[in-house]
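Number of protein chains: 2
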Amino acid sequence: MKGKATSFDIAHYAGVSQSTVSRALRNSHLVNEETRKRVFDIAKKLNYKVDKNASNLRTQQSSTLALLLFEDPTSDESQINPFFLAMLGSITRACAKEGYDLLVSFQSASADWQADYEDSHRADGIILLGYGDYIDYQPKFNTLLEQNTKFVCWGATVDNRPDLTVCCDNYGGGKLAAEHFIAHSRTDCAFIGDASDHSPEFFSRFQGFKDELLANNVKINERKMANAISTEESGYHATRSLIANNIKFNALFAASDLIAIGAIRALKEANINVPKDVAVVGFDNIAIASYVNPPLTTIEQNTTVAGQMLVENLLKLIRGEEVQSTLLAPILIPRRSS
Amino acid sequence: MKGKATSFDIAHYAGVSQSTVSRALRNSHLVNEETRKRVFDIAKKLNYKVDKNASNLRTQQSSTLALLLFEDPTSDESQINPFFLAMLGSITRACAKEGYDLLVSFQSASADWQADYEDSHRADGIILLGYGDYIDYQPKFNTLLEQNTKFVCWGATVDNRPDLTVCCDNYGGGKLAAEHFIAHSRTDCAFIGDASDHSPEFFSRFQGFKDELLANNVKINERKMANAISTEESGYHATRSLIANNIKFNALFAASDLIAIGAIRALKEANINVPKDVAVVGFDNIAIASYVNPPLTTIEQNTTVAGQMLVENLLKLIRGEEVQSTLLAPILIPRRSS
DNA sequence: TAAATTCATGACACCGGTGTCATAATGTCA
DNA sequence: TGACATTATGACACCGGTGTCATGAATTTA
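Listed in order, the protein sequences are those of chains A and B.
Numbered by full-length UniProt numbering, the letters in the first sequence go through residues 1 to 338 in order.
Numbered by full-length UniProt numbering, the letters in the second sequence go through residues 1 to 338 in order.
What follows is the structure, encoded as structure tokens:
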């Protein structure tokens, strides 16, 4: 045998037509049991595998999903946000379970990514994953919708299409953090993240946090808030600036674990004890969170379930079934940092 | 327009043949500049994308690499080993840089994975990634070789084909750890990992460690060794069993960071101070390592370079170029655990 | 026993590109 | 000006499957 075996080779050896081979291999009931067995045996012997390109071309589908990972433009090449890495893992697993392959691709938010994968028939649908300034994406979402591209996204909401989003109940998560502080009588709260609506996820977390505090007659002082993106560095610097401005607080809610870890570093450097002087709560429950010193109290987003939901919903869209918006319940994981 | 635009549609609007459209879009010099421009404009307007399935089918290649991730069968669904997650990130980046897509797939070591992706023309080559009992894989490697499948692998060596492997100089890394202990006069050493040759990487690390100690007239006591696979749990239990058997040591080399982290937990529980009573050194330098308490001294494997090398070498193989075996130099990252 | 139904299979167009060969038009050189 | 090279394009087979329609044999029904 020179190249790879094709269905014609099998047909030749089995003494049947290529059509029959194709049918046999796909377990069509239209083929005689005996013939099927002969075809299978020969296929196995020749190490035959269906050519996906030919098959996909004909059927106009690919059994493949594409995952586009948007990174904070700031986070240079060094490290990928561990939360997304965890999501990637669970999405990969969920795809495998459904018999789909997963194409992974990093994207910068600005690039001309919309529908590339789906238009070129490399994937049946797209999963969008990333923090970041999703508002800029809306026009791209619209392009995707216009072209009838199947996609779901994590976190960001698509105008008029809540069903395309899977996300954690960030508002509820923020409330959990506030409840926790109040239960421990830590009412002089600081917040680090982005309280503007640039980053809708951080914004919701802050809103929930603020509202729950207000419900308990605690007001958060605007001076006790600092902006940060989701990196350890950013959290560190934001916290340092609060300290440098001599701003006092006994509780700190960080919009993500990485920010919280940076914050703890800054607090330690300033000889502020965590949790004695300041209780810290993060968000995400990344793997690192339980290993830092002190172990970080955080609001968990269940990445396993999240990945599954994204894949399941996307497959439903592809199959033309109805999908509902999915809000995942966050859980408070108390550890020693608070 | 009903469905997606094809090159025939463009040909129609541009008033040329479909052949010319195809040539124009691929920047063939055989096509007139003016015609090319017209074709490009129309393609843009129609939101045309080359159908990858058709193109791949004809050219018999896919511009895609497949990454097969083998997991320790023991590590249940919960978490993926962070070291491999980091590798996955760097491989994804390296692929993007080379204009290749990446298909990611989890595999159990036992499954019938060989060549699935390449045979079915979904990928031009395969990257194999995983710790684990690579010895069992040799027959599968042979199958791959026989079928002339292009692949590279991390860590494991393929008989007679050193060029297919990219790995860290595990032996040299083990020596670094030993040097470090000797420099700090910690010569009563324990080792946790797998000192048998089931896991060739762990084995090499241990060999380097042992040989360097011997070169300094230090002998490692067999009783001070315990087996573990690369999980925190496993490291924890292995260390506990040493402690339970009342075995004393003042230095501990763990074959991976996860093991080291588990070991530190066990030591702490037994009121053994790290690094005062026992100095601990790990291997990998995963992200968590710098956050644990105390921060973990470890032997770094540069995942960014590793990912790049894997991709570059695989592409060379695919292009039929010559490839040499690649040993990456490990670096000792001293932190407070030693 | 003729007609209808079921079963198993083959022939063939088709998916949407790419590569080869043929062809026409224009330019170049002896 | 005839021979030859160059440039731009079209026609067409082909990649390896899948889906439809036609066909013939075996079986059931009227």
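Glycine is no exception: its CB is placed at the ideal position from the N, C-alpha and C atoms.
The residue among Q138(A), C168(A), A244(A) with its C-alpha nearest the C-alpha of N160(A) is Q138(A). Taken in chain order, the unbroken stretches of alpha helix (DSSP H) that lie wholly in the stretch 286–337 of chain B and span 4 residues or more are 303–319. Neighbours of T92(A) across chain B, judged by C-beta separation under 7 Å: V104, F106. At a beta-carbon threshold of 7 Å, the residues of chain B lying near K52(A) are S120, H121, R122, ordered along the chain. Positions of the alpha helix (DSSP H) runs, each at least 4 residues long and wholly inside the stretch 216–249 of chain A, are given as 232–244 in order along the chain.
Against chain A, the beta carbon of I261(B) has neighbours under 7 Å at Y291, listed in chain order. N216(A) is classed as exposed because its beta carbon has fewer than 16 other beta carbons within 10 Å across all chains shown.
Ranking G282(B), L128(B), I261(B), L310(B) by CA distance to the CA of V292(A) puts I261(B) first.
Under the DSSP assignment, L68(A) falls in the beta strand (DSSP E) whose first and last residues are 64–70. Of all residues in the stretch 275–301 of chain A, the ones placed with a Cβ closer than 7 Å to any Cβ belonging to chain B are A287, I288, Y291, V292, N293, in chain order.
Beta-carbon to beta-carbon, F191(B) and F253(B) are separated by about 5 Å, close enough to satisfy the 8 Å threshold. Beta bridge pairing from DSSP links A195(A) with no other residue.
Listed in chain order, the non-local C-beta contacts of S241(B) below 8 Å within the same chain comprise A226, local neighbours out to five positions each way being set aside. The beta carbon of L69(A) lies closer than 8 Å to those of I80, F84, L88, V104, S105, F106, Q107, L129, G130 in the same chain, with the five residues before and after it left out.
Less than 8 Å divides the Cβ of V278(B) from the Cβ of L267(B). As computed with DSSP, L128(A) is found in a beta bridge with L68(A), C153(A).
DSSP, read as helix, strand or coil, puts V39(A) in helix.
In the three-state reduction of the DSSP assignment, L252(B) falls in the strand class.
For the stretch 142–165 of chain A, the beta-carbon criterion of a distance under 8 Å to any beta-carbon of chain B is satisfied by Q147. Under the three-state reduction of DSSP output, T187(B) falls in the coil class, being neither helix nor strand.
Not one beta carbon of chain A lies nearer than 8 Å to the beta carbon of D169(B).
Scanning chain B for C-beta atoms nearer than 7 Å to the C-beta of K4(A) yields D119, reported in chain order. A270(A) is not a Cβ neighbour of C189(A), given a cutoff of 8 Å. A direct Cα-to-Cα measurement between S204(A) and C167(A) gives close to 11 Å. In this structure, the alpha-carbon of D101(B) lies about 47 Å from that of L214(B). Across the structure, E222(A) and K276(A) are spaced so that their CA atoms are roughly 23 Å apart. Within the stretch 238–271 of chain B, contact with chain A at the beta-carbon level (separation under 9 Å) is assigned to I261. Counting only Cβ-Cβ distances below 7 Å, N56(B) has contacts in chain A at N53, in chain order. By the beta-carbon neighbour count (other beta carbons within 10 angstroms, threshold 16), Q301(A) is buried. In the three-state reduction of the DSSP assignment, T165(B) falls in the strand class, which pools E and B. Proximity of chain B to N27(A) at the Cβ level (cut-off 8 Å) is not reached, the minimal Cβ distance being about 17 Å. Spatial neighbours of V323(A) in its own chain (CB-CB distance under 7 Å, excluding positions within 5 residues in sequence) are listed in chain order as D163, N313, K316, L317.
Judged by DSSP in its simplified three-state form, A123(A) adopts coil rather than helix or strand. In the structure shown, the three-state DSSP call for D277(A) is coil.
For N221(B), no CB of chain A lies under 8 Å from its own CB, so it is not counted at the interface with that chain. According to DSSP, residue pairing for F283(A) in a beta bridge involves I299(A).
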